[in-house]
Amino acid sequence: MADESHLRQQVVEAADRLFYAHGVQAVGMDAVRAEAKVSLKRLYSLFAAKDDLVIEVLRFRSRQWDSGIASTAEAARTPRDKLLAVYDFLGLWFEQDGFRGCAFINSFGELGGVSPRVAEVVRRQKADFQRYVADLVAQTGAPPSLAPQLAILAEGAQTTAAISGDSTAAADARAAAETLIDAALGARPAR
Numbered sequence: 719m720a721d722e723s724h725l726r727q728q729v730v731e732a733a734d735r736l737f738y739a740h741g742v743q744a745v746g747m748d749a750v751r752a753e754a755k756v757s758l759k760r761l762y763s764l765f766a767a768k769d770d771l772v773i774e775v776l777r778f779r780s781r782q783w784d785s786g787i788a789s790t791a792e793a794a795r796t797p798r799d800k801l802l803a804v805y806d807f808l809g810l811w812f813e814q815d816g817f818r819g820c821a822f823i824n825s826f827g828e829l830g831g832v833s834p835r836v837a838e839v840v841r842r843q844k845a846d847f848q849r850y851v852a853d854l855v856a857q858t859g860a861p862p863s864l865a866p867q868l869a870i871l872a873e874g875a876q877t878t879a880a881i882s883g884d885s886t887a888a889a890d891a892r893a894a895a896e897t898l899i900d901a902a903l904g905a906r907p908a909r
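Numbered by the numbering used here, the letters in the sequence shown go through residues 719 to 909 in order.
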């Protein structure tokens with residue numbers, strides 16, 4: 719069983735690299751098989767359909783996202799700083815070689831209209847992120863209406879950075895987030 723789990727992870731990571739670099743629809747199962755170094759028969763025994771593999775890749779990405787945000791927020795002392803750490807995480811991510819935007823947004827754009835299962839996984843990840851932000855907003859004492867504003871800044875920064883190729887979208891979103899947080903808390907902006 720451990721070997722099967724390891725092999726599944728190997729296939730998921732190979733598919734993730736290919737899907738993220740080239741798009742889900744442009745990558746066939748044979749390309750995944752070659753990248754993962756498994757037989758096509760074995761690949762299909764692990765994932766009966768491509769949608770099953772896409773969903774597992776998105777779950778893998780979700781764990782990476784959650785881990786990355788948690789790791790970046792670890793040093794933050796206050797809920798406000800944890801909110802701003804989201805944008806710090808984005809800034810680090812946008813600087814990585816091969817950054818192509820949000821895998822969830824990309825997958826939804828490609829498959830959301832034809833694969834309800836993929837659309838549901840994407841919606842769940844976005845809802846989880848919004849809940850994370852809402853929890854931190856509640857901890858600051860700011861009104862709940864701040865949470866979707868901050869979440870949409872993060873989503874917009876991802877799309878802007880992917881399209882423009884300019885990682886400063888994270889810093890711009892962070893500055894806007896600071897302004898929104900300070901206004902919501904009735905504080906004067908930090909200088």
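A virtual CB, placed ideally from N, CA and C, is assigned to each residue, including glycine.
Taking the C-alpha atoms as reference points, what is the distance between residue i and residue j?
i, j, result
"A845", "L829", "18 Å"
"G741", "S825", "8 Å"
"P861", "F765", "44 Å"
"F847", "L854", "11 Å"
"A732", "E722", "15 Å"
"T877", "A887", "9 Å"
"Q843", "V775", "12 Å"
"R906", "T858", "In this prediction, R906 scores a pLDDT of 48, lower than 50, which makes its location untrustworthy; no coordinate-derived value is stated."
"V840", "V729", "20 Å"
"A685", "L868", "Within the shown structure, residues of the chain are numbered from 719 to 909, placing residue 685 beyond reach of any answer."
"K800", "Q743", "36 Å"
"L957", "V750", "Because the chain is modelled from 719 through 909, residue 957 falls outside the range shown and cannot be assessed."
"V745", "D884", "26 Å"
Which residues bound the alpha helix (DSSP H) around residue i?
i, result
"D846", "834 to 858"
"A865", "864 to 882"
"T897", "887 to 903"
"F807", "797 to 812"
"F826", "821 to 829"
For chain D, is any of its Cβ atoms less than 9 Å away from the one on residue i?
i, result
"W811", "Looking for chain D here will not work: only one protein chain is present."
Please identify the residue among the options whose C-alpha is closest to the C-alpha of residue i.
i, options, result
"V804", "V840, V756, E873", "E873"
"R735", "F812, F778, S833", "F778"
"R835", "D799, K768, G883", "K768"
"I870", "G883, A794, A852", "A852"
"A875", "E813, S780, A752", "E813"
"K902", "D890, A891, S885, S863", "With the sequence shown as reference, residue 902 is identified as Ala, and Lys is not the correct amino acid for it. If we check each option's Cα against that of A902, S863 comes out closest."
"G786", "P797, G809, R798", "G809"
Report buried or exposed for residue i, applying the criterion of at least 16 other Cβ atoms within 10 angstroms of its Cβ.
i, result
"A865", "buried"
"R909", "With a pLDDT of only 37 at R909, under 50, the local geometry of the prediction cannot be trusted, and the value read off the model is given with reservation. Exposed is the call here."
"I881", "exposed"
For this session: Report the residue ranges of all alpha helix (DSSP H) runs contained in full by the stretch 729 to 776; include only those spanning at least 4 residues, in chain order.
Result: 747 to 754, 758 to 764
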